[in-house]
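*Asks:* Residue numbers (this note's numbering), protein chains in the order written: chain A, 187 to 399; chain B, 187 to 399. Would you mind keeping the following structure in view while I ask a few things?
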DNA sequence: ACATTAAACGAACGTTCGTTCTATTCTGCG
DNA sequence: CGCAGAATAGAACGAACGTTCGTTTAATGT
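Given below as structure tokens:
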């Protein structure tokens, strides 16, 4: 019972720390010190560093779903939801949901060249993320909000690239315009494949209004 | 004299190793072992790990210039050169100029959340890279190859995002279509701001022909 | 309240980290 | 050839790493 609670609070800190120092730079000693507990006591919750890393990835994934995807999924399916996901993603970096920037962008570039279970777990999270993104795009097509010849995988690739690009420009280069640039690019890209002659549906808004701050 | 040579060969290995393990995961003991020399002998060339990291960044920057920028700068200035840079960049990842993918993408995401000289050095490399990219875009504008209202910083942001996105998709997700996707997106983006009524210049080619494999 | 189980501790393990010495070997120049 | 100086090796340092152990504290169920 109590173990569950401490484990959860350990993971919260672990995820925050890893987003700054990296999953490999995440160290048991430092984590224990910051939490005011012993190395061995903390260690017992996981059994190995790798298990801690895997649990941290899982926890970060949950936080991402809660703070980025869940709110965006409340927007009506189709074009509005797709735009909501984009805005939600950019906001998630600006709001510093992870103090070191996007946890998964960092983890991806840290483990993209090494084998192992950690790398596999990171890859799975990204596959899931792309799956969700492509699903939102496909829905927008099905709703008749996007041109029929749109390739969901292609568009998801481009949107994700712009997200990561914004994360990079904001965190490393301290480019305050990073989000404005990303939003501009995303809006232009989405508008280029948007259908306005929605077959049976009524509701429609001015394009730029979707991209609120 | 001899020191210069060994130092250079150390840095070659260091850069390769760091592109896989990260600049922090780059360890003096392992590097020395792989090179068949003693830790202390290797260490003496740099004086500290941070100096080794800084030298590795410098060396990686030189390799990038030699293998990516220099060849592309032989294309005629303007639109062709801009396209050449894009193709050269994508090729640089596919050819595995750095065995762990783009050295600077990895370093950027590793150090984007920490202070220090290493982070500053990475940032400087990226600033230089963006400077070169924006310069190529501005030249294309000056040559009358791009619309006059093109914002070089905005376009550079988008191109870089697509580059990093391709690097990510290829190395982590093993997406064989990553380069095709990036090229498609880049071509579409560049075509959208391309001018065909070049004022005084004669030479012109079919758009898609620039994007050769 | 007490017995049982879970949770956290503190000390120590062997290893590797970056770093500092001193001693030895090699190299290039007069 | 010989000698100065550079280059490398080797041993050792304290600190931190992940991990294991036996013990003590705290929570739980009855």
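Virtual Cβ for every residue (Gly too), placed ideally from N, Cα, C. In this text, all values refer to a predicted model and were calculated from it rather than measured experimentally.
If we count the other Cβ atoms within 10 Å of its Cβ and call it buried at 16 or more, is residue 360/B buried or exposed?
*Replies:* Reading the second chain from its first residue, position 174 is the one you call residue 360/B. Per the 10 Å Cβ criterion, exposed.
*Asks:* Does the beta-carbon distance from residue 299/B to residue 206/A come in below 7 angstroms?
*Replies:* Stepping through the second chain from its first residue, residue 299/B is reached at position 113. Stepping through the first chain from its first residue, residue 206/A is reached at position 20. In this structure, residue 206/A lies closer than 7 angstroms to residue 299/B by Cβ.
*Asks:* Under a Cβ-count criterion, where at least 16 other Cβ atoms within 10 Å of its own Cβ denotes burial, should residue 230/B be classed as buried or exposed?
*Replies:* As a first step, residue 230/B is located in the second chain; it is residue number 44 there, counting from the start. The residue is exposed, with fewer than 16 neighbouring Cβ atoms inside 10 Å.
*Asks:* Secondary structure at residue 391/B, three-state DSSP: helix, strand or coil?
*Replies:* Against the second chain, residue 391/B aligns to sequence position 205. Legend: pLDDT at residue 391/B = 46, less than 50; position of this residue unreliable, no value from coordinates given.
*Asks:* Kindly say whether residue 294/A, judged by its beta-carbon, lies nearer than 7 angstroms to any beta-carbon of chain B.
*Replies:* Start at 1 with the first residue of the first chain, and residue 294/A comes out as number 108. Residue 294/A counts as touching chain B.
*Asks:* Please return the same chain residues whose Cβ sits closer than 7 angstroms to the Cβ of residue 223/A, not counting the five positions on each side in sequence.
*Replies:* The residue labelled residue 223/A in the question sits at position 37 within the first chain. Cβ within range, chain order: n/a, list empty.
*Asks:* Based on the DSSP output, what are the partners of residue 332/A in its beta bridges?
*Replies:* Numbered from 1 along the first chain, position 146 holds the residue referred to as residue 332/A. Per DSSP, 380/A.
*Asks:* Counting only the same chain and skipping the five closest in sequence on each side, list residues whose C-beta sits under 6 angstroms from that of residue 355/B.
*Replies:* On the second chain, position 169 is the one that residue 355/B refers to. Excluding sequence neighbours, residue 355/B sits near 361 and 364.
*Asks:* Along the region 223 to 253 of chain A, where does the CB come closer than 7 angstroms to a CB of chain B? Name the residues.
*Replies:* So nothing in the stretch comes that close.
*Asks:* From the beta carbon of residue 198/A, is the nearest beta carbon of chain B less than 7 angstroms away?
*Replies:* Position 12 of the first chain, counted from the first residue, corresponds to residue 198/A. No, because no Cβ of chain B sits closer than 7 angstroms to the Cβ of residue 198/A.
*Asks:* By the DSSP assignment, the alpha helix (DSSP H) with residue 199/B in it spans what residues?
*Replies:* Along the second chain, read from residue 1 onward, the residue named residue 199/B stands at position 13. That run of the alpha helix (DSSP H) goes 188 to 207.
*Asks:* With the cut-off set at 7 angstroms, would you say residue 268/A and residue 347/A are in Cβ contact?
*Replies:* As a first step, residue 268/A is located in the first chain; it is residue number 82 there, counting from the start. As a first step, residue 347/A is located in the first chain; it is residue number 161 there, counting from the start. Not a contact, by the Cβ cut-off of 7 angstroms.
*Asks:* Here's the rule: buried if 16 or more other CB atoms are within 10 angstroms of the residue's CB, otherwise exposed. What is residue 202/A?
*Replies:* Taking the first residue of the first chain as 1, we reach residue 202/A at position 16. Buried, because 16 or more other Cβ atoms sit within 10 Å of the Cβ of residue 202/A.
*Asks:* Classify residue 183/B as helix, strand or coil using the three-state DSSP reduction.
*Replies:* No answer is possible for residue 183/B: the residues shown for chain B start at 187 and end at 399.
*Asks:* Quick check on DSSP: helix, strand or coil for residue 319/B?
*Replies:* Taking the second chain and counting its residues from 1, the one referred to as residue 319/B is at position 133. It is helical.
*Asks:* Could you tell me whether the Cβ atoms of residue 350/B and residue 367/A are closer together than 7 angstroms?
*Replies:* Here residue 350/B corresponds to residue number 164 of the second chain, with the count starting at 1. Here residue 367/A corresponds to residue number 181 of the first chain, with the count starting at 1. No, the pair does not count as a contact, with Cβ atoms beyond the cut-off.
*Asks:* Counting Cβ pairs closer than 8 angstroms, one from the region 241 to 261 of chain B and one from the region 275 to 283 of chain B, do we hit at least three?
*Replies:* Enough Cβ pairs lie closer than 8 angstroms, so yes.
*Asks:* Is it a yes or a no for the region 209 to 221 of chain A touching the region 229 to 245 of chain A, going by three-plus beta-carbon pairs under 8 angstroms?
*Replies:* Yes, the region 209 to 221 of chain A touches the region 229 to 245 of chain A.
*Asks:* For residue 294/A, count the other beta carbons within 10 Å of its own beta carbon; 16 or more makes it buried, fewer makes it exposed. Which is it?
*Replies:* Counting from one through the first chain, the residue named residue 294/A turns up at place 108. With 16 or more Cβ atoms within 10 Å of its Cβ, residue 294/A is classed as buried.
*Asks:* Under a three-way DSSP split, which group does residue 234/B fall into?
*Replies:* As a position in the second chain, residue 234/B is number 48, starting the count at 1. Looking at residue 234/B - three-state DSSP - the assignment turns out to be coil, as it is neither helix nor strand.
*Asks:* Following the continuous alpha helix (DSSP H) through residue 272/A, name the residue where it begins and the one where it ends.
*Replies:* Locating residue 272/A in the first chain gives position 86, counting from the first residue. Here the alpha helix (DSSP H) through residue 272/A covers 265 to 280.
*Asks:* Does residue 302/A have its Cβ less than 7 angstroms from a Cβ in chain B?
*Replies:* By one-based count along the first chain, residue 302/A stands at place 116. False, the Cβ-Cβ gap to chain B never drops below 7 angstroms.
*Asks:* Figure out for me which residue from 219/B, 357/B and 190/B has the closest Cα to the Cα of residue 278/B.
*Replies:* Locating residue 278/B in the second chain gives position 92, counting from the first residue. Comparing Cα-Cα distances from residue 278/B to each of 219/B, 357/B and 190/B, the minimum goes to 357/B.
*Asks:* Since residue 343/A is in the alpha helix (DSSP H), which residue starts that stretch and which ends it?
*Replies:* Against the first chain, residue 343/A aligns to sequence position 157. Here the alpha helix (DSSP H) through residue 343/A covers 338 to 357.
*Asks:* Exposed or buried, what is residue 369/B when buried is set at 16 or more other beta-carbons lying within 10 Å of its beta-carbon?
*Replies:* Against the second chain, residue 369/B aligns to sequence position 183. It counts as buried.
*Asks:* For residue 206/A, go through chain B and note every residue whose CB falls closer than 8 angstroms to its CB, in chain order.
*Replies:* By 1-based counting over the first chain, the position of residue 206/A is 20. Near residue 206/A (Cβ distances below 8 angstroms), the residues of chain B are 299 and 300.
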